[in-house]
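If you want it as structure tokens, here you go:
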């Protein structure tokens with residue numbers, strides 16, 4: 022089960038742009054920084070994030 026957007030219940034996707042890694046809703050395009058949803062991460066999302074050697078928190 023994918024993580025859901027708190028704004029519209031769309032699925033959240035991990036996005037990497039340059040040095041930033043964040044989650045974006047595939048429906049409303051709302052963006053979430055990793056630290057904002059760290060307590061809600063599911064196993065699937067954690068597995069994707071574990072591929073990155075470091076995550077920059079803005």
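Numbering (the numbering used here), first residue to last: 22 to 79. Using N, Cα and C, we set each Cβ at its ideal position, and we do this for glycine too.
Who are residue i's beta bridge partners in DSSP?
i, result
"residue 40", "None; residue 40 has no bridge partner."
"residue 25", "32"
"residue 52", "45"
Can the beta-carbon of residue i be found closer than 9 angstroms to that of residue j?
i, j, result
"residue 38", "residue 70", "no"
I'd like the list of long-range same chain contacts for residue i, defined as Cβ closer than 7 angstroms, with 5 residues on each side in sequence excluded.
i, result
"residue 66", "24, 35"
"residue 30", "none"
What do you reckon, is the C-beta of residue i under 8 angstroms from a heavy atom of the ligand GTP?
i, result
"residue 45", "As presented, the structure is devoid of all ligands, the ligand GTP included, so that no description of it is given."
Would you mind reading off the limits of the alpha helix (DSSP H) that contains residue i?
i, result
"residue 68", "64-70"
Identify the continuous beta strand (DSSP E) that holds residue i and give its terminal residues.
i, result
"residue 73", "Here residue 73 belongs to no beta strand (DSSP E), and DSSP marks it neither H nor E."
Could you check how far apart the C-beta atoms of residue i and residue j are, in whole angstroms? I think they sit under 8 angstroms.
i, j, result
"residue 33", "residue 46", "6 angstroms"
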